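If you read the sequence shown in UniProt numbering, its first letter stands for residue 1, the second for the next number, and so on. Note that beta-carbon positions come from the ideal geometry of N, C-alpha and C, so glycine has one too. This one's a predicted model, so the numbers in the text were calculated from it and none came from an experiment.
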Amino acid sequence: MTALLLTPAPQASRAANVVARQVAAVRSRQRFPPRPQESTWPQTSLGRAELEDLLLSGVFVADNAHTQRTRKRGLKCVLDWLQAQPGATWQQRWQASGAEEHGAGWIELASRWRAEQGIDTHSDVFVLHSGLLPIVCGGAIRPAYRWLLRHNPTKLLVFARQSIDPDGFAMLQDWCDRQTALSTDQRRQALNRAIWIVLHHGGRVADITVGDLLELAAAATEVKARPGEGFPAAYQMLRDTGVFPASAPGRFHDLHVRGQLSIEELVDRYPIASMPVRSLIIEHLRERAPRLDYTSLNDLARTLAKNFWADLEAHHPGIDSLHLPPAVANAWKQRIRFAPGPDGPRPRAEADSILVWVRAFYRDLAHWAADDPARWAQWAVPCPVRSSDIQRRHKRQAPRKARMDQRTRTLLPVLPALVRHVEQVKDRTRRLLTAGQAAAPGGSFDVDGQHYRRLPVASTRVYVNDLDTGRRRDLTREEDEAFWSWAILEVLRHTGIRLEELTELSHHSFASYTLPSTGEVVPLLQVTPSKTDAERLILVSPELGEVLAAVIHRVRGGQQALPLIRRYDPLEKLWQPPMPLLFQRSYGSSNIALSRSLIANLLHKSIAAANLTGPDGQPVTLTPHDMRRAFVTDAVLSGLPPHIAQVICGHADINVTMGYKAIYPEEAITAHRAFIARRRALRPSEEYRDLTPEEWDDFLGHFELRKVSLGVCTRDFGTSCMHEHACIRCPALRPDPDQEPRLRTIIANLHDRIAEARQHGWAGEIAGLETSLDAAHRKLAAMQSLTERHRVTHLGMPSFDNLVGRTTPAEGAQRVTPHSGQRFAEPVAQRGQHETSTA
Numbered sequence: 001m002t003a004l005l006l007t008p009a010p011q012a013s014r015a016a017n018v019v020a021r022q023v024a025a026v027r028s029r030q031r032f033p034p035r036p037q038e039s040t041w042p043q044t045s046l047g048r049a050e051l052e053d054l055l056l057s058g059v060f061v062a063d064n065a066h067t068q069r070t071r072k073r074g075l076k077c078v079l080d081w082l083q084a085q086p087g088a089t090w091q092q093r094w095q096a097s098g099a100e101e102h103g104a105g106w107i108e109l110a111s112r113w114r115a116e117q118g119i120d121t122h123s124d125v126f127v128l129h130s131g132l133l134p135i136v137c138g139g140a141i142r143p144a145y146r147w148l149l150r151h152n153p154t155k156l157l158v159f160a161r162q163s164i165d166p167d168g169f170a171m172l173q174d175w176c177d178r179q180t181a182l183s184t185d186q187r188r189q190a191l192n193r194a195i196w197i198v199l200h201h202g203g204r205v206a207d208i209t210v211g212d213l214l215e216l217a218a219a220a221t222e223v224k225a226r227p228g229e230g231f232p233a234a235y236q237m238l239r240d241t242g243v244f245p246a247s248a249p250g251r252f253h254d255l256h257v258r259g260q261l262s263i264e265e266l267v268d269r270y271p272i273a274s275m276p277v278r279s280l281i282i283e284h285l286r287e288r289a290p291r292l293d294y295t296s297l298n299d300l301a302r303t304l305a306k307n308f309w310a311d312l313e314a315h316h317p318g319i320d321s322l323h324l325p326p327a328v329a330n331a332w333k334q335r336i337r338f339a340p341g342p343d344g345p346r347p348r349a350e351a352d353s354i355l356v357w358v359r360a361f362y363r364d365l366a367h368w369a370a371d372d373p374a375r376w377a378q379w380a381v382p383c384p385v386r387s388s389d390i391q392r393r394h395k396r397q398a399p400r401k402a403r404m405d406q407r408t409r410t411l412l413p414v415l416p417a418l419v420r421h422v423e424q425v426k427d428r429t430r431r432l433l434t435a436g437q438a439a440a441p442g443g444s445f446d447v448d449g450q451h452y453r454r455l456p457v458a459s460t461r462v463y464v465n466d467l468d469t470g471r472r473r474d475l476t477r478e479e480d481e482a483f484w485s486w487a488i489l490e491v492l493r494h495t496g497i498r499l500e501e502l503t504e505l506s507h508h509s510f511a512s513y514t515l516p517s518t519g520e521v522v523p524l525l526q527v528t529p530s531k532t533d534a535e536r537l538i539l540v541s542p543e544l545g546e547v548l549a550a551v552i553h554r555v556r557g558g559q560q561a562l563p564l565i566r567r568y569d570p571l572e573k574l575w576q577p578p579m580p581l582l583f584q585r586s587y588g589s590s591n592i593a594l595s596r597s598l599i600a601n602l603l604h605k606s607i608a609a610a611n612l613t614g615p616d617g618q619p620v621t622l623t624p625h626d627m628r629r630a631f632v633t634d635a636v637l638s639g640l641p642p643h644i645a646q647v648i649c650g651h652a653d654i655n656v657t658m659g660y661k662a663i664y665p666e667e668a669i670t671a672h673r674a675f676i677a678r679r680r681a682l683r684p685s686e687e688y689r690d691l692t693p694e695e696w697d698d699f700l701g702h703f704e705l706r707k708v709s710l711g712v713c714t715r716d717f718g719t720s721c722m723h724e725h726a727c728i729r730c731p732a733l734r735p736d737p738d739q740e741p742r743l744r745t746i747i748a749n750l751h752d753r754i755a756e757a758r759q760h761g762w763a764g765e766i767a768g769l770e771t772s773l774d775a776a777h778r779k780l781a782a783m784q785s786l787t788e789r790h791r792v793t794h795l796g797m798p799s800f801d802n803l804v805g806r807t808t809p810a811e812g813a814q815r816v817t818p819h820s821g822q823r824f825a826e827p828v829a830q831r832g833q834h835e836t837s838t839a
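Here it is as structure tokens:
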């Protein structure tokens with residue numbers, strides 16, 4: 001009995017996805033219908049003599065006499081065969097012959113008929129092919145897509161371009177020649193798709209519609225295993241050349257997005273047998289819809305239709321009342337705790353949320369029944385979810401908060417190492433791509449001691465063979481992924497914005513603010529409303545400014561402005577208007593916005609490649625939202641008041657902000673310090689007397705002895721040197737970057753001494769010298785780290801430390817004004833001017 005209660009209902013997600021895809025396909029066909037197939041047209045209705053005159057003249061005349069004689073002979077053979085078929089037009093005779101079902105095997109049908117007539121057929125393959133070319137290209141017959149896709153006649157496609165619409169196909173060919181980002185095969189397939197549409201529907205290139213291409217894609221799905229080949233490029237080609245209207249979606253993939261489903265479609269994704277309950281759920285959703293966004297409405301529909309009622313019907317067939325018996329209600333609440341998994345039922349993370357939604361559903365019906373009894377009173381029944389079921393969720397949320405805090409505490413210590421790794425990978429892949437682009441196809445080159453050979457591939461992408469590992473590498477893709485991994489990590493680290501807000505950043509997101517005290521103009525980042533529908537501004541630090549400037553420079557690609565692209569919101573299922581988005585990249589012949597899945601995947605690959613582990617020795621994982629928690633924790637640790645962090649993060653409730661904070665409670669630390677102060681107050685006052693001048697001079701004199709040749713000693717006050725002035729090995733030495741030449745001289749001397757010790761066999765000396773050499777290398781790395789850390793010039797902009805003591809803006813502070821972003825796009829170029837003014 002227990003096993004039966006805990007068995008989840010059959011999974012309905014796959015059926016729901018199938019329904020959603022079917023809805024998307026139907027909507028696309030309704031919005032972009034293909035041209036209707038004509039039953040007759042002038043060419044197919046011509047008589048035999050008139051058709052021969054047409055197909056043996058004009059553009060159908062071959063360049064040499066032999067080819068023309070063969071074509072004339074083949075035309076007669078094919079027309080003889082078709083004329084023997086039933087039908088009033090040549091198109092009807094072609095369809096009656098059965099050739100379209102045989103693809104390339106149509107020649108066997110024609111040859112068999114010719115053999116039955118006693119005609120020699122030894123050269124039929126070549127002759128019949130030659131005769132069919134002018135018949136199809138002349139418009140006497142319009143083959144079905146299934147014949148064209150199965151036959152794929154190369155000569156027919158070439159002849160069609162030359163004879164049907166030479167100017168139109170020349171325009172398409174010119175577009176293909178300019179698309180260096182596409183491979184030769186992709187360009188050829190894109191052009192062939194347009195030729196097939198013209199052969200099937202007739203007309204010219206300018207007559208092709210979006211629906212025609214969708215019709216061809218549907219036919220290709222039925223015929224070929226990989227129907228998507230060539231269609232994205234063909235769509236882009238027809239749209240860019242003006243064949244498709246400007247109102248057409250930006251990409252072929254955009255035609256297949258599902259969009260927002262209606263309330264009925266949201267419910268009908270799941271099998272509900274009881275029509276009254278189905279109607280009730282739809283009416284309830286219709287009442288709640290004005291106060292919910294689409295994502296919340298979708299979640300509510302899934303909860304009520306799938307997780308609640310469809311589950312009840314699966315385990316209790318015939319149920320049609322919301323008044324559940326206690327045994328049925330308890331069994332459902334037990335089942336909802338588990339979800340189907342590949343290895344059997346697993347604990348469901350959102351079980352408490354389902355209970356809350358269902359309880360709210362019953363409460364809504366009870367409240368509405370008092371306002372409109374005729375409509376809702378019959379559904380006002382006791383709720384199966386008691387208040388005690390909801391109250392226990394706070395106890396179950398405590399382990400979740402502890403896990404979140406532990407993830408943040410694990411991430412913060414390794415975050416600097418991850419940032420260094422990502423930046424190093426970005427620089428290394430940039431050098432590698434530059435060297436690969438400079439190398440000739442087939443030529444070899446070296447980068448960082450590794451050997452590569454560029455592969456002779458007809459593409460703008462740089463493919464190389466790693467001679468050390470034998471692996472084939474796409475340097476263009478590696479550099480692109482490395483750059484965007486770095487940009488994503490840096491923007492999330494410096495702003496703490498949500499993933500959705502990151503994808504919506506555009507060149508219009510920049511604003512300027514004039515400090516009332518100094519008159520200095522500082523850049524701000526305007527974050528568009530997302531989860532809480534609250535717009536906010538974030539101060540752009542110098543480090544963040546460098547990152548955003550690099551992103552703008554890359555996306556702009558030498559143009560005056562960023563490309564305008566449309567982004568599909570996967571949560572709201574809506575298309576956004578064209579915007580100069582910052583996080584967009586080249587894809588084929590156009591630019592697309594970085595998707596949520598790509599961003600998460602790049603962060604996952606970065607943390608995995610860095611090979612970072614936590615205190616337990618397990619690999620550290622990273623999600624975009626982990627960076628938001630790390631940002632809040634670091635900000636509060638830096639002294640930023642929590643209510644200011646709340647405004648920066650865009651939280652409506654400060655408790656949400658404090659929930660992100662993974663640090664020890666400040667009130668506990670304050671109370672402990674007060675306790676220590678009270679204890680000190682009880683001690684004799686002479687123990688806390690003022691310092692004498694001699695003691696102060698002694699204190700200052702101690703630190704004057706800290707300066708050594710390689711830096712400054714940081715040992716505790718009043719302690720002597722415990723390493724007998726062996727500063728190279730001493731961890732208390734803080735190296736001075738200006739002394740790097742001196743340290744390199746010491747390292748070189750150590751190498752010479754080790755070589756001398758090995759020559760004379762002084763084993764004891766070797767061990768000591770190698771220890772000193774390792775310590776010297778660590779000191780050298782520390783010097784270089786300090787140099788790298790201070791390369792960024794501080795521009796005098798406020799940071800968290802500057803904001804700690806501020807309460808309210810000064811009177812007369814100027815309002816934030818929109819900023820075009822053009823001045824901000826190149827902050828590096830303005831740094832010299834700023835340094836001169838502040839000097």
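Pick from the options: whose alpha carbon is nearest that of residue i?
i	options	result
E215	Y145, Q236, V205, P232	Y145
E423	L54, S111, A609	A609
R150	H129, E101, D165	E101
P384	P317, T495, P325	P325
R706	T184, E38, S720	S720
C176	G442, E740, A234, D120	A234
E350	P416, T787, F338	F338
Is the distance from the Cβ of residue i to the Cβ of residue j below 8 Å?
i	j	result
P542	E535	no
R430	E501	no
L525	F510	yes
L300	W332	no
L75	R142	no
R585	W575	no
P523	G545	yes
M404	R629	yes
Pick helix, strand or coil for residue i, following the three-state DSSP scheme.
i	result
P276	helix
V804	Residue placement at V804 cannot be trusted, given a pLDDT of 44 that sits under 50; what the coordinates show is reported in the next sentence. Looking at V804 - three-state DSSP - the assignment turns out to be coil, as it is neither helix nor strand.
H122	coil
P619	strand
R286	helix
N749	helix
W484	helix
S785	helix
A452	For clarity, residue 452 is Tyr in the given sequence; the question names Ala instead. Y452 falls in the strand class under three-state DSSP.
R302	helix
E826	In this prediction, E826 has a pLDDT of 39, which is less than 50 and means its spatial position is unreliable; nothing more can be read from the coordinates.
D185	helix
Counting only the same chain and skipping the five closest in sequence on each side, list residues whose C-beta sits under 8 Å from that of residue i.
i	result
G733	The sequence given here places Leu at residue 733; Gly does not occur at that position. Result list for L733: V708, L710, G711, V712, C713, T714, C727, K779, in chain order.
E572	Q260, D293, Y294, T295
A561	H507, P580
L750	L769, S772, L773, A776
Using a Cβ-Cβ cutoff of less than 7 Å, which residues in the same chain neighbour residue i once the five nearest sequence positions on both sides are dropped?
i	result
V462	L433, G436, Q437, R454, L475, T476
F159	L133, C137
Return no unless some Cβ of chain B is closer than 8 Å to the Cβ of residue i.
i	result
R337	Absent from the structure is chain B; it holds one protein chain and no more.
Given 8 Å, three or more beta-carbon pairs between the region 772–782 and the region 724–737: yes
Cβ contact (3+ pairs, closer than 8 Å) linking the region 52–65 and the region 236–247: no
Touching by the beta-carbon criterion (3+ pairs, under 8 Å), the region 114–130 and the region 76–94: The way I'd put it, the region 114–130 does touch the region 76–94; three or more beta-carbon pairs between them come closer than 8 Å.
Three CB pairs or more closer than 8 Å across the region 184–194 and the region 253–268: Three or more beta-carbon pairs separated by less than 8 Å are not found between the region 184–194 and the region 253–268, which leaves the two stretches without contact.
Contact the region 396–403 vs the region 616–628: 3+ CB pairs below 8 Å: Contact annotation: the region 396–403 does not touch the region 616–628, with fewer than three C-beta pairs closer than 8 Å.
Inter-stretch contact at 8 Å, needing at least 3 Cβ pairs: the region 621–639 / the region 408–419: yes
Segment contact flag, the region 352–359 with the region 303–317, C-beta cutoff 8 Å, min 3 pairs: yes
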